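Peer 1:
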Amino acid sequence: MLAIKNIFLKHLRKQLRDRYSIFWNLAFPLVLLTILALIFGGQTGQDISFDISIVMPETSQEISASDFAYAGIIDEVINNIEGSEDSRWFQFYQQKSDQSAEEFFSQEKNLLEAGDRHLILKIPEGSLPDPGLIAIYRRPGSQLSNIAADVMTGIISEINREINIAEGNVSRDQLLTTTSRQIDITAANGAERSFSVTEYLVPGIILFTFLISGVEILVGRISSMRSRGILKRYFATPLKPIQYFAGILSFIIVLSAVQVLLIYSWSSFIFDISLNIFNLNFILYMIFALIVSVSLGFMVLSLVKSRESVGVVTNALTYPMAFLSGIFFEVSGLTGILGLIVALNPMTYLVNGMRDMLGIYPSPTSELLNLAVPLIWMAGSIAISLMKFSWNPGGES
Amino acid sequence: MIKQYLTNTKILSLAFLRNKETVFYVLVLPLLFMLIFGSLYSNGEGQQQARVLLYFEETAAVDRTEIEEVINANQSMSYQHIDSLEVGEQLLRDYEAEILLRVSETELEFSFNPARIQDNPALEQQSRAIARELDMRYYGLEEYLQTEIIDAGDHAGTSQFLSLFPGLIALGLASSGLFVIVELFIYYREKGVLKRMAASPLNRNSFTFALISSRMPASLLSTALILLASRFIFNVSFTINWFLFIPYILIGTVIMMGLGALITLFTTTSDSGFQAASILLTVMIFFSGIYFPIEFLPSYFQQVSRFLPLTYLARGLQQIMGVSPLNPASLAVETGGLFILSIVLIYAVSQKSSWVAE
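Protein sequences, first through last, are from chains A and B. So the first sequence is numbered by our numbering: it starts at -4 and just counts up by one. So the second sequence is numbered by our numbering: it starts at 5 and just counts up by one.
1. With DSSP as the reference, identify every bridge partner of residue 85 of chain A, one or two as the case may be.
2. Any Cβ of chain A within less than 8 Å of the Cβ of residue 32 of chain B?
3. Any Cβ of chain B within less than 8 Å of the Cβ of residue 236 of chain A?
4. Do you know how far the Cα of residue 76 of chain A is from the Cα of residue 153 of chain A?
5. Mind pulling the beta strand (DSSP E) runs of 3 or more residues that sit fully within the stretch 54 to 110 of chain B?
6. Have a look at residue 148 of chain A and residue 105 of chain B and give me their C-alpha separation to the nearest angstrom.
7. So is residue 171 of chain A in contact with chain B if we call contact Cβ pairs under 8 Å?
8. For the alpha helix (DSSP H) containing residue 132 of chain A, name the first residue and the last one.
9. Looking at the C-beta of residue 233 of chain B, does it have a partner C-beta in chain E at a distance below 8 Å?
10. Mind checking if residue 107 of chain A is an interface residue toward chain B, Cβ cutoff 8 Å exclusive?
11. May I ask you to list the residues that DSSP assigns as paired with residue 155 of chain B?
12. Pull up the distance between the alpha-carbon of residue 5 of chain A and that of residue 13 of chain A, whole angstroms please.
13. Kindly indicate which three-state DSSP category residue 16 of chain A falls into: helix, strand or coil?
14. Of the residues that make up the stretch 198 to 222 of chain B, which ones have a beta carbon closer than 9 Å to any beta carbon in chain A?
15. Are the C-beta of residue 24 of chain A and some C-beta of chain B separated by less than 8 Å?
16. Using a Cβ distance threshold of 8 Å, determine whether the stretch 322 to 334 of chain B contacts the stretch 242 to 255 of chain B, with at least three qualifying pairs required.
17. Hey, does residue 125 of chain B have any beta-carbon neighbour from chain A nearer than 8 Å?
18. When we look at the beta-carbon of residue 378 of chain A and count the other beta-carbons within 10 Å, is it buried (16 or more) or exposed?
19. Would DSSP call residue 14 of chain B helix, strand or coil?
20. Indicate whether the contact test is met: 3 or more Cβ pairs, each with one atom in the stretch 176 to 192 of chain B and one in the stretch 274 to 281 of chain B, closer than 8 Å.
21. For residue 64 of chain A, name the three-state secondary structure that DSSP assigns.
22. Please report how far the alpha carbon of residue 217 of chain A lies from the alpha carbon of residue 40 of chain B, in whole angstroms.
23. For residue 104 of chain A, return the contacting residues in chain B, with the cut-off set at a CB-CB distance below 7 Å.
24. I'd like to check one pair, residue 32 of chain A with residue 266 of chain A: are the Cβ atoms closer than 8 Å?
25. Taking only the alpha-carbon atoms, compute the straight-line gap between residue 66 of chain A and residue 120 of chain A and give it to the nearest angstrom.
26. Using the rule of at least 16 other Cβ atoms within 10 Å of the residue's Cβ for burial, across every protein chain shown, is residue 18 of chain B buried or exposed?
27. Measuring alpha carbon to alpha carbon, tell me which of A:381, A:164, A:124 and A:145 ends up nearest residue 298 of chain A.
28. Would you say residue 290 of chain B reaches chain A, if we count a Cβ-Cβ gap shorter than 8 Å as a contact?
29. Opposite residue 162 of chain A in the DSSP bridges: which residues?
30. Okay, do the stretch 109 to 122 of chain B and the stretch 57 to 67 of chain B touch, 3+ Cβ pairs below 8 Å being the bar?
31. Using the beta-carbon of each residue, which ones in chain A are nearer than 9 Å to residue 2 of chain B?
32. Can you round the beta-carbon distance between residue 266 of chain B and residue 349 of chain B to whole angstroms, since I take them to be within the 8 Å contact cut?
33. Would you report the Cα separation of residue -4 of chain A and residue 2 of chain A, rounded to the nearest angstrom?
34. Across which residues does DSSP place residue 117 of chain A in a beta bridge pair?
35. Going by the CB atoms, is the gap between residue 315 of chain A and residue 336 of chain A shorter than 8 Å?
36. Which residues of chain A have a Cβ atom closer than 7 Å to the Cβ of residue 329 of chain B, listed in chain order?
This is the structure in structure tokens:
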């Protein structure tokens, strides 16, 4: 027992002494969670405002909506938006009275290309009932510009409906209202709840830390000591391999527990979400996920002997396993080889199971698969490790 | 001296290519990310059909065939009738469909799965197109005001998907250049390599230039691999200004070396130097807009990107590869400024560093 404790403390001290390890293993998952939650979760919605330039035709200066000129109609719509609650989403820019339309357009186009505008609307001359064409200039490399173009297309579509009603082409009662919504998520306990991106990310980040612990930290430490012959010398002493294994596994378990607690606390305090991660089923499933990761790590150590190659293989394994499993974002749309990797990846099933158990998102894969696929990987990895693993440098037996 | 330089360049280039870990980071990792993110973003480009679930209430005002025709006319969508909303919602949740359309007496209601974070904007746009087309067909509405979307700078099709490839090339340059100076002035010193070099008639400047040059083939190879893979896997081709492109790849590598030199000024051991470089590389990956649009980050996080060379490198490559409009003045100022700063930093580090192990 003392030997196990000493091995455990050795790894723990190494972890605590190395500020970079502290960053990568403890701080980085929190940074990752925060960044992804901000990018995908729309947490910054209040900061978003669309900068839109309106280029009116030269003749529009004295025209009003009552003249049925498009310039007047658009002008009135903009005034209505600016006078409503929606004004916080838009910042409109219009030409000065002494500025020509072409001059203003050229100036605003430069600003659009420089990223200082999201959209330019070039309003046509002409009036009802003749058709008019609004040119919407966007910057396609900018997500906000694309969204602004979609929003404006929707607004113009609404204007068309209103014009049709005003023109007597159709009555308001006849027209169908178009609405859109996001479906509620039914949790495993049957309760319906709205979807939260941050909640969706939390189990993924937890699983990511397990993957890193099992496939990178554990593998890195053992391969480093193995290649330098330290383990061989260790086992020339009364220390048994099983004691060393128990010691380093204890370290990985403690490190993972600390990571889970940190992620939980961070998500609670920063994002104000509460997840019941302390229920027994979830804890058992987390342990299962960690064991799967550790066994994958041992499989790598069994099949790849040199320290340098181990580093490459773990990275080549970790990135696809993390990104092609839905840990960070949904990947069900992938087809071909990547789709096959998603389907065979044990992390796909583990993260589905974790989200389902926490009531965050119902698993699209069955409970049986969520257990069986990782179990097969675990059993296969253990079998390979039992046959091939060696504590000696270069994999000598 | 030239012969020394050439011999050292050859030896160091081969040594670099023999190092599996660096080859992985410079050549394989950008390709791996290209496959993953390229596939994800290309789905958002409408390459995959959106499956629309149709649920008609008994009192539905619109005829089934009318909606079917509208969807059939749009090649990026397919449809399937369902018997209940519950079934439809479950199919959405299980990722078996993308859009659920409920048609009632007074309403067209489009439902989406909120977990499809990256697909939903495109799906909502497709839904609006269905509604608009129905208005026109079913009620015979006039489209008085028509819209035409024009991409500024005549760079049609530019998107997160296309921006990804110049970003990945920039990432390859970062991986290639960032660690060199740390390796040269700290790691080699710790290992006593520099001490042995100092005892030989080797010219220091020649060795430094040789090491810098030794990363250029790797940068060019990484770039070529990404361009080839983008062409053959994603069928994407770029209008590359080759006259600017090749020098830019070399200059970009030197700029990243300059950042490595900055790290070297503040670190004392190779381990901390490599770790600091890795952290900086990770920060740059997230905040330079290569994989994720940074527009959705709070403004204070967006400001971070202004201080990251990878942001400018990726932006410059976008311009040179025809993904975004070429702005020669800003390209020259940004690249020139960073290049000069990098040369100064590399020179400062080479002068400051001792060739004797401490």
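From the three backbone atoms N, C-alpha and C, an ideal C-beta is built for every residue, glycine too. Quick caveat, the model's predicted, so the values are computed rather than measured.
Peer 2: Taking the coordinates as given:
1. The beta-bridge partner set that DSSP reports for residue 85 of chain A consists of A:45.
2. yes
3. no
4. 13 Å
5. 54 to 60, 81 to 85 and 103 to 107
6. 20 Å
7. It does: the Cβ of residue 171 of chain A has a partner Cβ on chain B nearer than 8 Å.
8. It is not in any alpha helix (DSSP H) - residue 132 of chain A instead sits in the beta strand (DSSP E) that spans 127 to 133.
9. No chain E is present in this structure, whose protein chains are A and B.
10. So yes, residue 107 of chain A belongs to the interface.
11. A:133
12. 12 Å
13. helix
14. none
15. no
16. Touching, yes, given that three or more Cβ pairs across the two stretches are closer than 8 Å.
17. yes
18. exposed
19. Here residue 14 of chain B sits in helix by DSSP.
20. yes
21. strand
22. 30 Å
23. Contact of residue 104 of chain A with chain B by beta-carbon distance below 7 Å involves 156.
24. yes
25. 7 Å
26. exposed
27. A:381
28. yes
29. Beta-bridge pairing links residue 162 of chain A to no other residue.
30. yes
31. Not covered by the structure: residue 2 of chain B. The range shown for chain B is 5 to 362.
32. 6 Å
33. 10 Å
34. A:50 and A:130
35. yes
36. 108
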